[in-house]
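Just so we're aligned, residue 107 is where the sequence shown starts under the numbering used here, counting upward by one. Below is one structure, written out as structure tokens, with a few remarks after it.
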Amino acid sequence: MIPFNKPMIAGNELEYIRKAVDSGKISGNGSYTQLCQQYFEQRFHFHKSLLTTSCTAALEMSAILINIQEGDEVIVPSFAFVSTANAFVLRGAKIVFADSSPAHPNIDSNSIESLITPKTKAIIVLHYGGVACEMDKITSLANHYSLHYGHQIFVIEDAAHSIGATYRNKPLGGIGNLSAISFHETKNIQAGEGGMLIINDEQFEKRAEVIWEKGTNRVAFSRNEVAIYDWIDIGSSFLPSEITAAFLFGQLEKFDAINVRRKYLWETYWQLFSKDSNRHLFHTPVIPEYAEHNYHIFYLVCKNKEQRNDLIRFLADMGIMAVFHYQSLHLSPFFKDKHDGRNLPNAEIFSNCLVRLPLYPNLVDAEIVKIYEAIMTFYSDIEK
Ligand SMILES: *Cc1c(COP(=O)(O)O)cnc(C)c1O
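This is the structure:
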């Protein structure tokens, strides 16, 4: 069986977990947490980063930080993970779903302006597969309407897929006012469950530490800035244990090797599937000129839902696990009665027709060839 994803030990993860235990501190915000945060601040020049229990948690922190109130509107792509919207729903926001671009699964930046109203508080972008959204256009829209309505409209990056990828040479996660990264086992750098909040806008720096530590000033206390720590704001337990941080740091030390390997595998897929002779069968990923991606996902877009589902079943019978991705959130059982009825046809196409192929560092060339040949067999059967 070729699985869709296979977690792996990249380097010193287990040794670091032992060191954390031996050090006598495995609760949060210890030395491995600091090392992970410094890694991001130094390598990508993020203003500040806080390790979290998940990307979901980081998104929830961002909703608290921008002070979402009942009835505030938040623009979210419909082709997104549940947490991308849920984090804001939890604070009482009204979600306004946006469509995908016709060419790729990212939010259609041309569709955003018509969704902005005096109640808009934030625009959430998701760089699907680590391929950047059109950030200059989106940030200038947010800035323009912030001035126009006299209150700030924030841009938040769901950068769950995106570490190491760039938009016009700027690291993803470093562009929005706030950003959220994931270290879930399916992501390029993994810690089982884990995430990070990136604070690019200095106004959030102090309060983020408080929300992170259950609404207390315990972080300031640990730096000897206050004599006791108190309950001073809302918050929750958003910080992971040192066991998670130790594992993560072992992965981060192998960041470049992991990305080089993924690049090789992604490009091997690309060379096989993007041949001219295959163009009438399915679409391959579109990478806009402004995006330098990080080889997070290799996907195909089939002609219709039935063909996509048949392909997934066919591959499963051949011992290959390929998977669909997000179901359009505006049509979900939770949201469909709350949606305003606008059609979002491109999001539905990606929900219905996209299939992701196995991609993880221990995948080998022969397996990619086997996957390619199985897919070509599927298509030659249906073309007969
Ligand atoms: C994986 C993922 C998340 C959630 O990440 P967790 O760390 O599992 O909470 C959020 N958004 C996107 C786009 C994701 O792919």
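The C-beta atom is built at its ideal place from N, Cα and C for all residues, glycine as well.
{"Query": "Nearest-angstrom Cβ-Cβ length linking residue 334 and residue 327, presumed shorter than 8 Å", "Result": "7 Å"}
{"Query": "Beta-carbon gap between residue 287 and residue 408 smaller than 9 Å", "Result": "no"}
{"Query": "Strand pairing of residue 462, partner residues [DSSP]", "Result": "405 and 429"}
{"Query": "Close-in-space but distant-in-sequence residues of the same chain around residue 123 (CB under 7 Å, 5 per side omitted)", "Result": "349, 352 and 353"}
{"Query": "Proximity of residue 279 and residue 269 at Cβ, strictly below 9 Å", "Result": "yes"}
{"Query": "Residue 468 to residue 398 span [Cα, whole Å]", "Result": "23 Å"}
{"Query": "Cβ-based neighbour list, residue 135, same chain, cut-off 6 Å, excluding 5 preceding and 5 following", "Result": "345"}
{"Query": "Whether residue 323 touches residue 368 by CB criterion (9 Å)", "Result": "no"}
{"Query": "Delimiting residues of the beta strand (DSSP E) encompassing residue 345", "Result": "Run containing residue 345: none; DSSP gives neither H nor E here."}
{"Query": "Burial state of residue 302, where buried means 16 or more other Cβ atoms lie within 10 Å", "Result": "buried"}
{"Query": "Residues of its chain near residue 273, where Cβ-Cβ distance is below 7 Å and the 5 sequence neighbours each way are ignored", "Result": "238, 241, 281, 396 and 397"}
{"Query": "Range covered by the alpha helix (DSSP H) that runs through residue 486", "Result": "471-489"}
{"Query": "Residue 485 beta carbon less than 9 Å from that of residue 388", "Result": "yes"}
{"Query": "Reference residue 198; option with closest CA among 131, 170, 311 and 232", "Result": "170"}
{"Query": "Integer Cβ distance of residue 450 from residue 438, believed to fall under 8 Å", "Result": "Incorrect: roughly 12 Å between the Cβ atoms, too far for contact."}
{"Query": "Which of helix, strand or coil DSSP assigns to residue 392", "Result": "coil"}
{"Query": "Counted within 10 angstroms of its Cβ, other Cβ atoms place residue 372 as buried (16 or more) or exposed", "Result": "buried"}
{"Query": "Contact set for residue 183: own chain, Cβ-Cβ below 6 Å, skip 5 residues either direction", "Result": "204, 213 and 232"}
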